[in-house]
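Scroll down for the structure; my scribbles are underneath it.
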Amino acid sequence: MAITRLPPHPFSLRQLQYAIAVADTLSFRRAAERCRVAQPSLSTQLAQLESALGVRLFERDRRRVLVTGAGRPLLEQMRRLLLEADDLLEAARQAGDPLAGALRVGVIPTISPYLLPAVAPALRAAYPALRLTWLEDRTAELVRSLHAGTLDAALLAVEAELGDVEVAPVARDAFVLATPPGHPLGAARGPASAAELRDASVLLLEDGHCLREQALAFCSRARTRELEYRATSLSTLAQMVAGGAGVTLLPELAVPTETRRADLRLRPFADPAPFRTIALVWRRSSPIAEALRRLAATVKAAYPTPAGRAPGSERQRPRAPRA
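When we follow the numbering used here, the leftmost residue of the sequence shown carries the number 17, and every step to the right adds one.
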């Protein structure tokens, strides 16, 4: 196949910069100083530009320089071209360092309100030039968007079906048993077992939340009874439990926030305790994988440590309520 060769441009960006400098200063001498070039060289370059355009841009005599009527709209277009050239250089710089550009990251609703307030300041401090857009949705939608290329990465629980992705674990988020005040399961001492939940009335999130599937997998071991009511958020779930509607499994990440809003009693689970793995994931083919690994490391370092967990430990053991 024959290759079509494009003709060279009859002018350069440097010549456009010279023309803008003269238009701004109305002086060839001051324009040359501003551009750090000898005045004869600037004059020669501008003469070549006017010849290439076939238009006189400036009217010049011994005392003054004026922009011609024909040159005025052309100079405005030159300004726009130079701005676009600057944008091109900035885009290329950002492509070399994705954490100095724009990223779109998905996050599931059972993570975003509890984790983002903690990690957002750390990300801003680590990557001040990064323009990070968070998009909240359920796991299935985020995975579709990720593989379609409309998301760069997603922060979610990896127990769900994710397809061909690279996974950077951020934290192990254990589940705890949440009960209303006065409930026998909340008053019991020590870690809770799956057997204790047998015949308990358990509240879960509605279909479509991966947290629901993880809780169901644990509850199936205890043959618990799921109530007909299904919540759309963990906050609603916590309020329903506090009101005496039943018990639920609450991820540790949500405990500080939800126990400020609702009067709950918490117990850890005995091993093997249920948990989810929070991770940043991205397409294996992503050209910015190394940058996303750095991003994941920053999120991991800023992950909130619940009260009662020693630094570097894997699990929190919420204190059992006093008898």
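Where is the CB? At the ideal position from N, CA and C, for every residue including glycine.
Computed from a predicted model, the values in this text were never measured in an experiment.
| Asked | Found |
| --- | --- |
| Per DSSP, what kind of secondary structure is I304 in: helix, strand or coil? | coil |
| Just curious, the alpha helix (DSSP H) that A203 is in, first and last residue? | 200 to 203 |
| Apart from the five residues on each side of it in sequence, which residues of its chain come closer than 8 Å, Cβ to Cβ, to Q64? | F27, Q31 |
| Which whole-angstrom value describes the C-beta separation of R277 and A254, a residue pair presumed to lie in contact below a C-beta threshold of 8 Å? | 7 Å |
| Assuming A258 and P200 make a contact with CB atoms under 8 Å, what is their CB distance in whole Å? | Contact doesn't hold; Cβ gap of about 16 Å is too wide. |
| Evaluate the contact criterion for the stretch 144 to 151 versus the stretch 92 to 107: three or more CB pairs, one atom per stretch, below 8 Å. | no |
| By the three-class DSSP mapping on this structure, what secondary structure does S217 have? | strand |
| Expressed to the nearest angstrom, what Euclidean distance is found between the alpha-carbon atoms of V69 and R45? | Strictly speaking, residue 69 in this sequence is Leu, with Val absent from that position. Roughly 23 Å separates the two Cα atoms. |
| Please report the straight-line C-alpha distance between P133 and G112, rounded to a whole angstrom. | 28 Å |
| In this structure, does DSSP put A373 in helix, strand or coil? | No answer is possible for residue 373: it lies beyond the span of the chain, which begins at 17 and ends at 339. |
| Tell me which residues share the same chain as A312 and place their Cβ nearer than 6 Å to its Cβ, disregarding the 5 neighbours each side in the sequence. | A184, L296 |
| Please name the residue in A164, T60, A116, I124 whose C-alpha comes closest to that of T248. | I124 |
| Assign A118 to one of three DSSP states: helix, strand, or coil. | strand |
| For the alpha helix (DSSP H) containing E274, name the first residue and the last one. | 271 to 277 |
| Count the other C-beta atoms from every protein chain shown that fall within 10 angstroms of the C-beta of L395, then say buried if there are 16 or more, exposed otherwise. | Absent from the model: residue 395. The displayed extent of the chain is 17 to 339, so no value can be given. |
| If you compare alpha carbons, which of D40, F291, M256 is closest to E274? | M256 |
| On the premise that E92 lies in contact with S128, defined as a C-beta separation below 8 Å, what is that separation, rounded to the nearest angstrom? | Going by Cβ atoms, the distance from S128 to E92 rounds to 45 Å, so no, they are not a contact pair. |
| Roughly how many angstroms separate the alpha carbons of D287 and P320, rounded to a whole number? | 23 Å |
| For the beta strand (DSSP E) holding D189, just list the boundary residues, first then last. | 181 to 195 |
| Using the rule of at least 16 other Cβ atoms within 10 Å of the residue's Cβ for burial, across every protein chain shown, is G224 buried or exposed? | The predicted position of G224 is uncertain, since its pLDDT is 49 and thus under 50; no value can be drawn from it. |
| Of the choices V71, A270, T293, whose alpha-carbon is the least far from that of L282? | A270 |
| Around the Cβ of T126, are there at least 16 other Cβ atoms within 10 angstroms (buried) or fewer (exposed)? | buried |
| Once the 5 residues before and after T84 are set aside, which same chain residues still bring their CB inside 7 Å of it? | R72, L73, F74, E75 |
| So which of R300, D279, A138 has the shortest CA-CA distance to G202? | D279 |
| Tell me where the alpha helix (DSSP H) around S155 begins and ends. | The amino acid at residue 155 is misidentified as Ser; the sequence shows Thr. T155 -> alpha helix (DSSP H) spans 155 to 164. |
| How long is the line joining the alpha carbons of P177 and L171, rounded to whole angstroms? | Here the sequence assigns Glu to residue 177, which means Pro is not the residue at that position. Distance between the alpha carbons of E177 and L171: 14 Å. |
| Which whole-angstrom value describes the C-beta separation of V174 and T252, a residue pair presumed to lie in contact below a C-beta threshold of 8 Å? | Between T252 and V174 the Cβ distance is about 25 Å, and since that is not below 8 Å, they are no contact. |
| Apart from the five residues on each side of it in sequence, which residues of its chain come closer than 6 Å, Cβ to Cβ, to A39? | V83, L91 |
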